[in-house]
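Right, one structure below, let's go through it.
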Amino acid sequence: MTSELRSSQRTVKSCTFCARRKVKCDKNLPCRNCRVRGQAESCAAELVRVKGRPPSVDDAQPTYAELLDENRALREELTSLKADPRQRPARPGRCIRLHKIDDPENSLYNRLRSHSRELTVKRNEDVVLPSKQLSQCILNHGANWVPWVNCSLNPAELQKVHDEFFSELDEAGFHKNSDPAWLGLYFAYLTAGLVCEAASGVVSLIRPQVSVLFLTLPEAESMGMSKDQLEQYRANWFDASVFFLHAADFIRDPRLINVRTIVLLGGSYVHFGELNMYYILWSCAARICHSVGLDQNIDGGMSLESQYQSRLFWSLIANDWLNLPLGHSCIDESEFTVDQPLELDDVEVSLGVNLEGFTPALRPVQHLIALCKLASVLRHFQARLLNVSDSPGISTIVTETNDQLTAVITQLPAHLRSSRSSTTFDVAGDSEEEWLSTARFKRTRQGTEDSTQQLSNAALTLLMKYTT
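This is the structure in structure tokens:
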């Protein structure tokens, strides 16, 4: 019988009855036409030879009678489940709703798009582009003071791209011919130069050594900006930086330049009251660092580029771990192997030597290193508190943390120290003020968890007082 089979390139799925009458077959066995005519049992497809292999019994589909038996068994099982309430499936309303894959991402985008104030930039035409002269003045000012806030940028490279940008500038469509990621970084740098209020009351709260970090009103007027323009530019350039950050699709396209933009806007989030944006963008920056491999050492950590990346990553860590009050951090110590930045300026890193005495004593990286050391002390303090339940153990941790903070402060350069003449504690003043609160917490503790939180607050008081 095998020799009588017709050869075919594909299996015939239409039944012989429909094929003979040349009518459309639904290709189910038995098909609908045969069931209507009452000849379901005789409905079968033509047996053909496909690629030289004759059809076998295993290729046959279930018969109509077998399908009826299966349906009957399913009805009986469903009836038994309805009869027994203990085996009844849960109502759909009580089931846990399964989120689609896109739901968390859409939720993240919606939260990033929520703001605490009215935005000044909602489209490209809303961006106020400064003149080349004003832009250069802000860059010159930022070259001296922005590194104290963020020393992870290469000033020479930024200046080069800045000059290329203005040499090819088309003011009508500057955003069309430029990388939105670079525009985000550029406006973030402009914002960092104008981020703090120029009022004398604010400057008086800052130590004299660092009050020059902020652009004062006379400096702004020397650049051709009035007080009203200064406020307008601050808000517009901050919103422009965030606008181009979204235009660069920074979440789906992880790039190092976007991390630099987020870190460079560090103080601006608080200035404009965008705390929700601050926490979310900081978490996104930590995730991007992990995606691009910034959490690992490159080139042994001795090249200039590796130092810039180390400074950038530790800027994230310092802001994350020094975030008070203590909460869940974005970066865990076990997730990275990046060494702390070296206390060398760019010239020394490029030459690979320490030119002490030949380079300026005031190095911006010293400020970052101090923050990194304080952040590490606080991080270890928090981790140890979570593993101790008895009051004597907590007291020991607080005392040791206080000693570590004292050691860090003692090693600070002169320009980073507090205005007080000594880091020793006066029994009649400082010691009584902080440690009386600690003793009171210990005497009135209402449980291990309360004591841990209270002693943690006492140690944080020490941290904040002796580093400001």
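According to numbering that gives the first Met the number 0, the sequence shown is numbered sequentially starting from 0. For every residue, glycine included, the Cβ atom is placed at its ideal position computed from N, Cα and C.
In chain order, Ala374 place their CB closer than 6 angstroms to the CB of Leu321, counting only its own chain and leaving out the 5 sequence neighbours on each side. Shown here, Arg254 sits in coil according to DSSP, grouped into three states, outside any helix or strand. Val127 sits in coil when the DSSP states are folded into three classes, being neither helix nor strand. Contact annotation: the region 330-337 does not touch the region 171-190, with fewer than three C-beta pairs closer than 8 angstroms. Runs of the beta strand (DSSP E) lying entirely within the region 251-294, each at least 3 residues long, are absent. In the DSSP assignment, Phe312 falls within the alpha helix (DSSP H) that extends over 303-320.
Annotation: Arg254 to Ile287 spans about 7 angstroms, alpha carbon to alpha carbon. Selection Ala142, Gln308, Cys150 evaluated against Gln158 yields Ala142 as nearest (Cα-Cα).
Cβ-Cβ distances below 7 angstroms link Ala39 to Pro29, Cys33, Tyr63 in the same chain, with the five nearest sequence neighbours on each side left out; the list follows chain order. Assigned with DSSP and collapsed to three states, Cys14 falls in strand. When rounded, the separation of the alpha-carbon atoms in Phe249 and Gln60 is 53 angstroms. From the listed residues Ser282, Arg310, Trp281, Cys283, the smallest Cα separation to Gln295 is found for Arg310.
Separation of Lys12 and Asn27 (C-alpha to C-alpha, rounded to the nearest whole angstrom) is 8 angstroms.
Boundaries of the alpha helix (DSSP H) harbouring Arg74: 63-82, taken from the DSSP string. Per DSSP, the unbroken alpha helix (DSSP H) holding Cys371 starts and ends at 363-384. If you ignore the 5 residues before and after Ser328, its C-beta comes within less than 8 angstroms of the C-beta of Asp319, Trp320, Asn322, Arg378, all in its own chain and listed in chain order. Taking the C-beta atoms as reference points, Leu182 is found no nearer than 8 angstroms to Ile137. The residue among Ile297, Arg122, Leu280 with its C-alpha nearest the C-alpha of Leu315 is Leu280.
Close CB contacts of Ser177 within its chain, under the 7 angstroms cut and outside five residues either way in sequence, are with Phe164 (chain order).
Distance check between Arg251 and each of Ser290, Ser6, Pro340 places Ser290 closest, using alpha-carbon atoms only. For His414, there is no enclosing alpha helix (DSSP H), since its DSSP letter is neither H nor E. Inter-residue distance for Trp313 and Ala180 is about 22 angstroms (C-alpha atoms, whole angstroms). Rounded to whole angstroms, the gap between the alpha carbons of Leu274 and Ala187 is 17 angstroms. Short of 6 angstroms from the beta carbon of Pro146, and not among the five residues preceding or following it, lie these beta carbons of its own chain, in chain order: Pro363. Spanning the alpha carbons of Leu66 and Lys23 requires a straight line of approximately 23 angstroms. Leu229 places its beta carbon 8 angstroms or farther from that of Ala239.
By the neighbour-count definition (other C-beta atoms within 10 Å, threshold 16), Asp162 is an exposed residue. By the 16-neighbour rule on beta-carbons within 10 angstroms, Arg416 is buried. If you check the CB distance, Ile256 and Leu184 come in under 8 angstroms. If you draw a straight line from the Cα of Ala317 to the Cα of Ile393, it is about 24 angstroms long. Using a 10 angstroms sphere on the CB of Ala247, the tally of other CB atoms reaches 16 or more, which defines it as buried. The criterion of a C-beta distance shorter than 8 angstroms is satisfied by Val148 and Gly265.
The shortest CA-to-CA distance from Gly292 to any of Ala43, Val258, Phe380, Gln231 is the one to Val258. In this structure Gln339 is not in contact with Val376, their Cβ atoms being roughly 13 angstroms apart against a cut-off of 8 angstroms. Comparing alpha-carbon positions, the option among Leu77, Arg383, Thr409, Leu411 lying closest to Thr398 turns out to be Arg383. In this structure, DSSP gives Ile396 a helical state, which the three-state scheme calls helix.
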